[in-house]
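**Student:** Here it is, the structure in full.
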Amino acid sequence: MSSSIDQALQPISDLKLDDGDHEKFAHYVKKEDIVESAVTGKPVIALCGKVWVPNRDPQKFPVCPQCQEIYNQLKPE
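Following this note's numbering from start to finish, the sequence shown increments by one per residue and tops out at 97.
Right under this line is the structure:
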């Protein structure tokens with residue numbers, strides 16, 4: 021590889037994730053989307069906009085602050 025390409029690419033291990041990393045949170049998603057994802061493997065979209073295929077126990081993570089804020093605005097008072 022040329023050195024210019026080497027400089028443009030960096031190993032994933034060198035990437036830094038900030039405190040806003042979505043992988044640290046449980047997210048709000050429509051129940052029917054969770055079921056469909058479990059059956060088909062189709063990605064889901066959280067209230068905050070994160071798109072992923074769920075594969076972890078959400079009970080082990082704190083709720084995403086962005087999802088929580090949006091969810092609170094949706095609830096009738």
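A virtual CB, placed ideally from N, CA and C, is assigned to each residue, including glycine.
#1: Contact defined as beta carbons within less than 8 Å: I believe Pro85 pairs with Ala46. What is the distance between those atoms, to the nearest angstrom?
#2: Give every residue of the same chain whose Cβ lies closer than 7 Å to the Cβ of Pro78, excluding the five residues on either side of it in the sequence, and list them in chain order.
#3: By Cβ distance below 6 Å, which residues in the same chain neighbour Ile32 in space, the five residues on each side in sequence not counted?
#4: How is the alpha helix (DSSP H) around Lys51 delimited, first residue to last?
#5: Would you mind working out which of Gly61, Ala66 and Ala58 sits nearest Tyr48, comparing C-alpha positions?
#6: Going by DSSP, which residues form a beta bridge with Ile65?
**Tutor:** Taking the coordinates as given:
#1: Going by Cβ atoms, the distance from Pro85 to Ala46 rounds to 11 Å, so no, they are not a contact pair.
#2: Ala46
#3: Note that Ile32 scores 37 on pLDDT, short of 50, meaning its location in the model is unreliable and no value can be drawn from it.
#4: Lys51 to Thr60
#5: For the options Gly61, Ala66 and Ala58, the alpha carbon positioned closest to that of Tyr48 is the one of Ala66.
#6: Val71
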